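Per the numbering used here, the very first residue in the sequence shown carries number 17; after that it's consecutive.
We treat Cβ as the ideally placed atom computed from N, Cα and C, and that holds for glycine.
Remember, predicted model here, so these are calculated numbers, not experimental data.
Beneath this line is the structure, given in structure tokens, with notes to follow.
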Amino acid sequence: MIKNRLIGPFTQLLTMNNIPLKGSLNDNQLEIIPGGGIVVCEGKIVKVGNFDLLGDEFGDRNTIIDYIDSDMVVIPGMIDPHTHLCWAGSRANDYALRLAGKSYLEIAQGGGGIGDTVEKTRVATFADLEASLTGRAKTYLRNGVTTIEVKSGYCLNKEGELKLLEVIGKVNKKLSVDLIPTCLAAHIKPADFHGSQADYLESIVNELLPEIRAKKLANRIDIYIDKGAFTAAEALVYLNRAKNLGFDLVIHGDQFTEGGVAVASELGALSVDHLETMNDQEIKLLAASDVIPIVLPGSSLGLGGRFAPARKLLDAGCSLAIGSDWNPGSAPMGDLLLQTALLGIFEKMTMAESLAGITFRAARALNLTDRGVLSVGMLADMAGFPVADYREIIYHQGSLDPSVVWKRGERQ
Ligand code: NIG
Ligand code: FE
């Protein structure tokens, strides 16, 4: 007989239930259950409510009690909707150059940047990449991040991009944390490709994407639209082809130059990510679309640049998810909660907006409807923090770690 698991009591259980997908949020929109409990069966939530009442209802021989004997606030497991976790090497040299005043683009043109990581990642073995990705994913799980989007994009040739997606697939199977793979072969045109930008994109469409589809390695395609990467016009052609092959679309847009938002809205991308340079017109366009903006404070912190206009986006009626962008170049930190807290204080985001951005709204940005909320039928992915008031989580600016993390109802 399959057993239920009753988890609790939690001083506060923050469900993130009934939060609208779009627009600004007040903290009083948060559903908080004091003395809450959760009943889980086969990894999914069966019931949410008062722990004592749930005990009366479920406390029989078929229920295992996972008892919490001290103050704890539980929230849905955090979701990072944008990372580049699969790489080799270090870009500490880039960082030193940035500290000395060089820009991201200057460093890339001088032999650092994405191209440098591509060189290191191409020669890394499958085992090395698997080990480093495993380490990063485990760190994240300990920190309460239970779903992580992971992009390829550091090999930029057919065999290498397949290698990266296969590593991501293998680590996803091996660990309890969920990795959501995205093909970012259109990160930049690699130095050893002899042809135009358009030729390179065409070669991805013809040679790589069919294989990714056949091997079911990813169903999401990303492209970097920017100076030194691809133009909006090139991206439109590429993404249309990918869309016709059945892929979901996401875009790195408006990091240093405007233009990514229009492409995202025209093609109905799931998300457009970065947005540090976006203008007011683009904010309006985004608000009128279903595209979810994903802002990446870790990249602003890693580059010493401005934050994306999170407050303006929310006030205009947009949704807003927050990703770490964890990568060796622009965002080496890899701490989603810390970055969310810092974005919040500078952009004046409410606790509700901040927490929604790394739970419910982040799930939706990944087109996932089975997580990010603690309600019946959802995955029992949860992060429990050793405090009595949910506001302590953001208040501690990332220095408060969860004391217990559950993935599909199992303690990690
Ligand atoms: O999201 N800007 C494009 N891609 C990454 C950075 C990759 C890198 O610098 O290695 C980003 O910031
Ligand atoms: Fe990125």
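- Residues in its own chain within less than 6 Å of residue 121 by CB, not counting five upstream and five downstream? Contacts found: 244.
Requested in this report: Check the C-beta distance from residue 383 over to residue 100 and give it rounded, since I have them as a contact under 8 Å.
Outcome: With a beta-carbon spacing of about 19 Å, residue 383 and residue 100 fall beyond the 8 Å limit used to define contacts.
Next item on the list: Count the other C-beta atoms from every protein chain shown that fall within 10 angstroms of the C-beta of residue 270, then say buried if there are 16 or more, exposed otherwise.
Entry: Counting of Cβ neighbours within 10 angstroms places residue 270 among the buried residues, the total reaching 16 or more.
Along the chain, where does the alpha helix (DSSP H) that runs through residue 179 open and close?
-> Here the alpha helix (DSSP H) through residue 179 covers 174 to 190.
| said: Is the beta carbon of residue 84 closer than 8 Å to that of residue 26? | reply: At a Cβ-Cβ threshold of 8 Å, residue 26 and residue 84 count as neighbours.
*Any chance the CB of residue 344 is under 7 Å from a heavy atom of ligand 1?*
Checking every heavy atom of ligand 1 against the Cβ of residue 344, one is found closer than 7 Å.
**Request:** Work out the CA separation of residue 53 and residue 68 for me, nearest whole Å.
**Result:** Cα atoms of residue 68 and residue 53: separation of roughly 8 Å, rounded to the nearest angstrom.
Query raised in the report: Could you give the distance in angstroms between the alpha-carbon of residue 392 and the alpha-carbon of residue 33?
Result: For residue 392 and residue 33, the distance between alpha carbons rounds to 10 Å.
Cα-Cα separation between residue 37 and residue 380, rounded to whole angstroms | If you draw a straight line from the Cα of residue 37 to the Cα of residue 380, it comes to about 8 Å.
Check: Contact between the stretch 101 to 115 and the stretch 355 to 366: three or more CB pairs below 8 Å?
Finding: The stretch 101 to 115, when compared against the stretch 355 to 366, does not touch it at the 8 Å Cβ threshold.
Report task. Would you check if the distance between the CB atom of residue 113 and the CB atom of residue 128 is smaller than 8 Å? Result -> At the C-beta level, residue 113 and residue 128 come within 8 Å of one another.
* Can the beta-carbon of residue 284 be found closer than 8 Å to that of residue 241? -> Cβ distance not < 8 Å, so residue 284 and residue 241 don't count as in contact.
Given a cut-off of 8 Å on the beta-carbon distance, is the pair residue 266 and residue 287 in contact? Taking a C-beta distance under 8 Å as the contact criterion, residue 266 and residue 287 qualify as a contact pair.
Can you tell me whether residue 430 is helix, strand or coil according to DSSP? With the chain covering only 17 through 428, there is no way to say anything about residue 430.
Item to complete: Whole angstroms is fine: what's the gap from residue 111's alpha carbon to residue 162's?
Response: When rounded, the distance between both Cα atoms is 29 Å.
ask   = In whole angstroms, what separates the C-alpha of residue 248 from that of residue 279?
value = Those two C-alpha atoms are separated by around 7 Å.
| field | Burial state of residue 355 (16 or more Cβ within 10 Å) | value | Label assigned to residue 355: buried.
**Q.** Rounded C-alpha distance that separates residue 414 from residue 98
**A.** Between residue 414 and residue 98, the C-alpha separation is close to 18 Å.
Exercise. Consider the C-beta atom of residue 413 and the heavy atoms of ligand 1; say whether any pair is separated by less than 7 Å.
Key: False, no ligand heavy atom lies under 7 Å from that Cβ.
Could you please give me the residues that DSSP links to residue 92 through a beta bridge? Paired residues: 398.
Can you tell me whether residue 341 sits near ligand 2, meaning its C-beta is under 7 Å from at least one heavy atom of the ligand? Yes, the beta carbon of residue 341 sits closer than 7 Å to at least one heavy atom of ligand 2.
Less than 7 Å separating the Cβ of residue 210 from some heavy atom of ligand 2?
Distance from the C-beta of residue 210 to the nearest heavy atom of ligand 2 is not below 7 Å.
Item to complete: Output the distance between the C-alpha atoms of residue 22 and residue 394, rounded to the nearest integer angstrom.
Response: Near 15 Å, if we compare the C-alpha coordinates of residue 394 and residue 22.
Can you tell me whether residue 428 is buried or exposed, with buried defined as 16 or more other CB within 10 angstroms of its CB?
-> Its Cβ being crowded by 16 or more others within 10 Å, residue 428 is buried.
| query | Helix or strand or just coil, what does DSSP make of residue 134? | reply | In this structure, residue 134 counts as helix in the three-state DSSP scheme.
Would you say the beta carbon of residue 129 comes nearer than 7 Å to a heavy atom of ligand 1? Checking the Cβ of residue 129 against ligand 1 gives yes.
- Would the C-beta of residue 240 count as close to ligand 1, meaning under 7 Å from any of its heavy atoms? Set against 7 Å, the gap from the CB of residue 240 to the closest heavy atom of ligand 1 is smaller.
Discussion item. Here's a check: name, in chain order, each residue in its chain whose Cβ is nearer than 7 Å to the Cβ of residue 187, leaving out the five neighbours to either side.
Written reply: Around residue 187, the same chain offers 146, 149, 150, 153 and 195 as residues with beta carbons nearer than 7 Å, after the five sequence neighbours per side are excluded.
>> Report the CB separation of residue 334 from residue 303 in whole angstroms; it is logged as a contact under 8 Å.
In response: About 5 Å separates the Cβ atoms of residue 334 and residue 303, confirming a contact at the 8 Å cut-off.
Ordered along the chain, which non-local residues of its own chain (more than five positions away) have a Cβ less than 8 Å from that of residue 255?
The beta carbon of residue 255 sits closer than 8 Å to the beta carbons of 237, 239, 265, 267, 279, 283 and 285 from its chain, once the five residues preceding and following it are set aside; these are given in chain order.
TODO: Give the straight-line distance between the Cα atoms of residue 136 and residue 125, rounded to the nearest whole angstrom.
DONE: Going by C-alpha positions, residue 136 is about 17 Å away from residue 125.
Quick check: residue 324 and residue 301, are their CB atoms within less than 8 Å of each other? No, Cβ-Cβ distance for residue 324 and residue 301 is not below 8 Å.
Please work out which residues of its chain come closer than 7 Å, Cβ to Cβ, to residue 140, disregarding the five sequence neighbours upstream and downstream, and give them in chain order.
Excluding residues within five positions, the ones whose Cβ falls inside 7 Å are 104.
Please report the distance separating the alpha-carbon of residue 35 from that of residue 373. Going by the C-alpha atoms only, they are around 11 Å apart.
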